[in-house]
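A.B. asks: Can you keep this structure in mind? I'll have questions shortly.
Residue numbers (my numbering): 56 to 182.
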């Protein structure tokens, strides 16, 4: 992957995306967990075309500020930009916007993993 590569995704805030629905608050506004999921998904989809069939990425770190509320029905766009690559570690700058401006920003780190090896190790925890 090239530093500076970007991906953008869009959504419209629905009831399932609210702080009330996520249990992260009591209001019918775009939930921080929903915004973070959109940010992670946008970064994951940016990396996906560069992976082999036996690889995936997993999120390992997120540092986000949620700076403005968005109501149900509001449009949200998210941009992920690769800002650092160190072997299997990918670091993205992520930003989210509604029609009035920025609503969230920060960084997100993902690691490239071998899917089967990762799943075996994870499910060995149940033994």
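For glycine and all other residues, C-beta sits at the position ideal for the given N, C-alpha and C.
In its own chain, which residues sit with a C-beta less than 7 angstroms from the C-beta of residue 72, not counting the 5 before and 5 after it?
C.D. replies: The answer, listed in chain order, is 85, 86, 89.
A.B. asks: First and last residue of the alpha helix (DSSP H) that includes residue 74?
C.D. replies: 74–77 is the extent of the alpha helix (DSSP H) around residue 74.
A.B. asks: Decide if residue 139 is buried, meaning its Cβ has at least 16 other Cβ atoms within 10 Å, or exposed.
C.D. replies: That one is exposed.
A.B. asks: Give me the Cα-Cα distance between residue 116 and residue 97, rounded to the nearest whole angstrom.
C.D. replies: If you take the alpha carbons of residue 116 and residue 97, they lie about 15 angstroms apart.
A.B. asks: Rounded C-beta distance between residue 65 and residue 130? I'm assuming under 8 angstroms.
C.D. replies: At roughly 7 angstroms, the Cβ-Cβ gap stays under 8 angstroms, so residue 65 and residue 130 are in contact.
A.B. asks: In the DSSP assignment, what residue or residues form a beta bridge with residue 146?
C.D. replies: 139, 164.
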